[in-house]
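Worksheet for the structure shown next.
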Amino acid sequence: MTNAQLDTPVLILGGGVAGLAAAVDLARRGVAATLIEREPRLGGRASQFCCKATEACARCGACRLGELLAQAAQLPQITIYTAALAVAAQPQNDGWQVDLAPQPGGEIGPGAGRPLRERTTLNTQAVILAVGGGAFNPAGKTRFGHGRVQGVFSALELEAMLSQGALGPDGLAPAKVAFIQCVGSRDASLGRLWCSRVCCGYALRMGRVIRKLLPDSEVTFFHMDVQDYGRAWEDELPLMRHQMRFVRAMPGEVTAGDGGPQVTYALAGEQAQKEGFDLVVLSVGLGPPNGASALGELFGAAKDDDGFLTADGGPAGVFVAGAAAGPRSLNESIVHAGLAASAAAVRVASLTEARHG
Ligand SMILES: Cc1cc2nc3c(=O)[nH]c(=O)nc-3n(C[C@H](O)[C@H](O)[C@H](O)COP(=O)(O)OP(=O)(O)OC[C@H]3O[C@@H](n4cnc5c(N)ncnc54)[C@H](O)[C@@H]3O)c2cc1C
Ligand code: SF4
Ligand code: SF4
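Residues in the sequence shown are numbered consecutively from 956, following the working numbering.
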């Protein structure tokens, strides 16, 4: 049986904000693009985030996803397949021949896209890898007790609780909550020296949401530094320092206490102390994409020293967008995707000119 055939100037792998933003950018330049998402639904990590507005919008960036999905659905130059995976890729003349295979669970995603139904061979002039980054698995930092000590959650688990309305006066109502920052980031013992850039922001926003839901709760933020987010953040940070307790210390361990998890930490020049909490949240960072090596092998993409994908030093016609290229916020990923789309559009234009020219 032969594969279905498809030609597209640009193939985008990944239907998170970066892949969608790249597709929209290309379409607005008049360049057609095919986007494939390996999961049954579009949206990537952003689809897991709930709104963090309290008195006003917290600028978490999560509603950019809805905007991009709506824009992508309107633009006829964009074709989207969900539940689709690139399983083989061969360089050819001016680009790539890529074999796509349908994945299980193909259900139509919100607003745009349809599942890939059959094996398809696609010819393309440029490939954008927008496959996102991996979130650190907190079990890898055993001394913080995730999976062992009751009451210890990762930030993504807290996000799910907030999305489901499980936290608040009618649900789980912790009186004392601790956030531990830089879990899986800036950590020489793990060989992960980079700052993940997003976790100070998301932890402080979630802390503020908890204080709004449970005004009598106390939220403590164990940190080394607070990542700078520019002028708007500078205005908000002094207010947050009134709403939450900032402790400049990296906890040594989290253990099971009588009433909940206990955090051991030492302030500068002081003896270590133990403090009990009802809930401890591990602010996990971003790392290189899972499967970066497989993608590297498929398309020959290069990796930087930390293992993130990079277009530098890789084959012509392969570009990288969003968190696959390094830790980035949603807004930063969208901007980065615009750069990748622009580079892909230039390549398509120059190949077209050379053919006709
Ligand atoms: C715990 C946590 C909290 C965060 N909180 C915030 C926040 O509050 N605000 C903020 O701005 N940013 C936040 N971020 C960062 C944000 O998640 C990223 O900036 C954003 O998701 C990057 O978008 P992306 O499209 O590059 O990647 P992703 O959102 O990860 O999307 C990548 C997509 O590619 C798909 N994919 C993967 N491999 C393949 C493949 N081989 N073929 C096809 N598709 C593939 C994936 O299924 C996914 O849909 C947070 C990150 C984490 C880990
Ligand atoms: S940016 Fe975030 S906080 Fe603001 S409205 Fe959108 S989802 Fe809510
Ligand atoms: S953003 Fe904040 S919590 Fe995350 S790695 Fe950087 S300093 Fe640590």
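Ideal Cβ placement from N, Cα and C applies to all residues, glycine included.
Being a predicted model, the structure only gives us computed values, none of them experimental.
Query	Result
Hey, would you say leucine 1030 sits closer than 9 Å to alanine 977, going by beta carbons?	no
Which residue spans inside the segment 1103 to 1179 form an unbroken beta strand (DSSP E) run of at least 3?	1107 to 1109, 1131 to 1138 and 1173 to 1178
Identify whether glutamate 992 lies in helix, strand or coil by the three-state DSSP scheme.	coil
Name the DSSP beta bridge partners of glycine 1251, please?	According to DSSP, which records beta bridges pairwise, glycine 1251 is partnered with nothing at all.
For the beta strand (DSSP E) containing asparagine 1286, name the first residue and the last one.	Taken as a continuous stretch (DSSP letters only), asparagine 1286 belongs to no beta strand (DSSP E), being part of the alpha helix (DSSP H) at 1285 to 1311.
What first and last residue would you give for the alpha helix (DSSP H) that runs through glutamine 943?	As displayed, the chain neither begins before 956 nor continues past 1312, which places residue 943 out of reach and without an answer.
Just to confirm, is the Cβ distance from phenylalanine 1232 to glycine 1207 under 9 Å?	no
Once DSSP output is grouped into helix, strand and coil, what is the label at glutamate 1073?	coil
Less than 6 Å between C-beta atoms, sequence neighbours within five positions excluded: which residues of the same chain meet that for alanine 973?	Ala1085, Ala1276, Gly1277, Ser1288 and Ala1292
Give the range of the beta strand (DSSP E) segment to which arginine 1200 is assigned.	1200 to 1203
Sorry if obvious, but does the Cβ on leucine 1264 come closer than 8 Å to a heavy atom of ligand 1?	no
Do you know offhand how far glycine 1126's Cα is from glutamate 1189's?	33 Å
Flag this pair as touching only if the segment 1034 to 1041 and the segment 980 to 993 have three or more C-beta atom pairs under 8 Å; answer yes or no.	yes
Closer than 8 Å to a non-hydrogen atom of ligand 3 - does that hold for the CB of alanine 1158?	yes
What is the rounded straight-line gap between the Cα of aspartate 1171 and the Cα of aspartate 1180?	26 Å
Hey, is cysteine 1015 close to ligand 3, as in C-beta under 8 Å from one of its heavy atoms?	no
From the beta carbon of alanine 1204, is the nearest beta carbon of chain B less than 9 Å away?	Of the protein chains in the structure, only one exists, and it is not chain B.
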